[in-house]
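Numbering (UniProt numbering), first residue to last: 1 to 156.
If you want it as structure tokens, here you go:
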């Protein structure tokens, strides 16, 4: 079952590594996630998944990368109703707003109807060993919450 889409935008590989560790956690929970670079998709791909985990690095002084901006601009307001989401990313605190792209992505997903079920996960540049473990735990927790929601709806 591939109900979880993990999307990432990565310039140096840090956010891609986060996505891979999160995917590891999703797998531990019994789900087979689909991991895609934001450059490999269009906004319509979100329709195919019940859970969306979206990560990005932050460009410049708190900006979204253009590739992420393009995808978010194409989301229809109704596209994500009934879906759950979580956001993650890497940043550099020496550049103004720390990992602000993650907050912008979350705001957009919420505006499009997604329900955020996990706190944002942000790291300074690259993950420490402890943060790698946290990323795995995030993926596992997200997948378990999604499964519990699906089972609850099936019982109704």
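For each residue, glycine too, the CB sits at the ideal point set by N, CA and C.
Take residue i and list the residues in its own chain whose beta-carbon comes closer than 8 Å to its own, dropping the five residues that flank it on each side.
i: residue 155; result: The pLDDT assigned to residue 155 is 48, lower than 50, so where the model puts this residue is not dependable, and the model offers no usable value.
i: residue 67; result: 9, 38, 39
i: residue 152; result: none
i: residue 125; result: 14, 90, 91, 92
Have a look at the DSSP bridge pairing and note the partners of residue i.
i: residue 147; result: Beta-bridge pairing links residue 147 to no other residue.
i: residue 7; result: 36, 54
i: residue 113; result: According to DSSP, residue 113 bridges with nothing at all.
Note the first and the last residue of the continuous beta strand (DSSP E) segment covering residue i.
i: residue 36; result: 34-37
i: residue 13; result: No beta strand (DSSP E) contains residue 13, which DSSP labels as neither H nor E.
i: residue 88; result: 84-91
In the DSSP assignment, the alpha helix (DSSP H) including residue i goes from what residue to what residue?
i: residue 124; result: Per DSSP, residue 124 belongs to no alpha helix (DSSP H); it is in the beta strand (DSSP E), 121-124.
i: residue 67; result: 66-73
So, using beta-carbon positions, are residue i and residue j closer together than 8 Å?
i: residue 134; j: residue 142; result: no
i: residue 87; j: residue 106; result: yes
Exercise for the section: Check whether the stretch 48-64 touches the stretch 3-19, counting contact only when three or more Cβ pairs, one atom from each stretch, lie closer than 8 Å. Expected result: Yes, the stretch 48-64 touches the stretch 3-19.
Handout entry: Three CB pairs or more closer than 8 Å across the stretch 33-49 and the stretch 93-107
Key = Not touching, per the Cβ criterion.
Exercise for the section: Spell out a yes or no on whether the stretch 124-136 and the stretch 60-74 are touching, meaning 3 or more CB-CB pairs, one atom from each, closer than 8 Å. Expected result: no
Handout entry: Any 3 or more C-beta pairs closer than 8 Å across the stretch 14-27 and the stretch 137-150
Key = Using a Cβ-Cβ distance cut-off of 8 Å, the stretch 14-27 and the stretch 137-150 are in contact, since at least three pairs of beta carbons, one from each stretch, lie closer than that value.
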